[in-house]
Structures are given as structure tokens and as C-alpha cells.
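Taking it in order: structure first as C-alpha cells, then the write-up.
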Amino acid sequence: MKNNNKLENFIKALDRLKEGLLQYDEEDELQRDGIIQRYEFTFELAWKTLKEVFEDEGLVGLNSPKTVLREAYSSGLIDDEKIWLDMLVDRNATSHIYSQSNAIEICKRINEIYIDKLEELKDKILERLNQI
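Here's what the structure looks like:
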């Protein structure tokens with residue numbers, strides 16, 4: 002990557018999200034809000050890092066998270082397009098409307114599914130960059 006700032010920031014954000022999840026108590030609304038905010042930030046950096054990887058490889062014009070995620074699936078950087086599109090839907094849901102029951106469910110998915118997918122993405126990006 003021409004500029005590793007996005008990748009470095011994505012990795013730092015992912016580490017902060019994992020740190021928050023280690024301390025997460027389902028009953029603590031403030032912690033839940035913090036997890037969701039860290040997730041939103043990490044997800045945003047994830048798709049923007051992917052976009053930069055593709056641009057460095059000469060693929061331009063991917064301007065939305067959905068198009069970037071579809072290309073990431075096609076190129077093997079993510080292995081489950083549906084989960085990633087669900088992650089996008091959840092990120093959008095938390096950004097626009099707050100519902101406690103929704104927040105609890107999204108935190109559960111972050112902890113049980115999304116964190117592993119973000120970690121896998123980090124590893125695949127690093128592996129891909131080391132092959133260039």
C-alpha cells in the first residue's frame with residue numbers, strides 16, 4: 002500500500018474493539034455503547050482499507066462499502082459476503098437509530114461473529130501485501 006496509515010489505523014481500531022469486548026458486561030449500557038462505537042469505527046476503517054488495497058492494485062471506482070465488499074468477496078479477501086453485508090447493515094442501524102434491544106443483539110453479533118471476520122480480514126490483507 003502506498004500509504005499504510007489506513008491499514009495501521011484499522012489494526013489499532015480492531016485491537017481497541019477486541020480490548021473492549023474482553024471487558025464487556027452485557028448489563029452495562031455504557032460499555033455496550035462503547036463497543037458499538039468502536040465497531041462502527043473499525044468497520045469504516047476496514048472497508049476503506051480494502052478500497053485502498055484495490056486502488057493500489059489499479060482497481061478504481063469502488064466508492065461505496067457494498068461495492069468494496071463485493072469486490073473483496075470476489076477477490077478472496079473475505080469468505081462470506083452475506084455476513085459482511087449483515088455487518089454493513091448493523092453498522093448503518095447503529096449509526097442512524099438507537100434501540101436498546103437492537104444494540105444488545107448487535108453487540109452479541111459483534112462478539113460472536115463480526116470480531117472474527119474483522120480479524121480474518123486483517124490477516125488476509127497483511128498476507129496479500131506481503132506477496133506484492
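If you're matching positions, the sequence shown starts at 2 in our numbering and goes up one per residue. Think of the CB as a built atom: it goes at the ideal place given N, C-alpha and C, for glycine as much as any other residue.
Taking residue i as the reference, give the member of the options with the closest Cα.
i: GLU53; options: ASP80, ASN5, GLN38, TYR115; result: ASN5
i: LEU119; options: ASN103, LEU89, GLU30, HIS97; result: LEU89
i: LEU130; options: GLU56, SER75, GLY21, VAL69; result: GLU56
i: PHE42; options: LEU18, LYS109, ASP29; result: LEU18
i: TRP48; options: LEU8, ASP80, ARG110; result: LEU8
i: LYS109; options: GLU27, LYS13, LEU23; result: GLU27
i: LYS13; options: SER100, GLN101, THR68, GLU45; result: GLU45
i: LYS83; options: TYR115, ILE105, LYS123, ALA94; result: TYR115
i: LEU23; options: GLU113, GLY77, ALA104, SER96; result: GLU113
Should residue i go down as buried or exposed, given a rule of 16 or more other Cβ atoms within 10 Å for buried?
i: ILE107; result: buried
i: ILE126; result: buried
i: ASP117; result: exposed
i: LYS99; result: Rather than Lys, the amino acid found at residue 99 in this sequence is Tyr. So TYR99 ends up on the exposed side.
i: LEU15; result: buried
i: ASP124; result: exposed
Leaving out five residues before and five after residue i in sequence, what residues of the same chain have Cβ atoms less than 8 Å from its Cβ?
i: GLY21; result: GLN32, GLY35, ILE36, ARG39
i: LYS67; result: LEU86, LEU89
i: GLN101; result: GLU30
Give every residue of the same chain whose Cβ lies closer than 6 Å to the Cβ of residue i, excluding the five residues on either side of it in the sequence, and list them in chain order.
i: VAL69; result: TRP48, LEU51, LYS52, LEU63
- Segment contact flag, the stretch 58 to 69 with the stretch 17 to 37, C-beta cutoff 8 Å, min 3 pairs: Touching, no.
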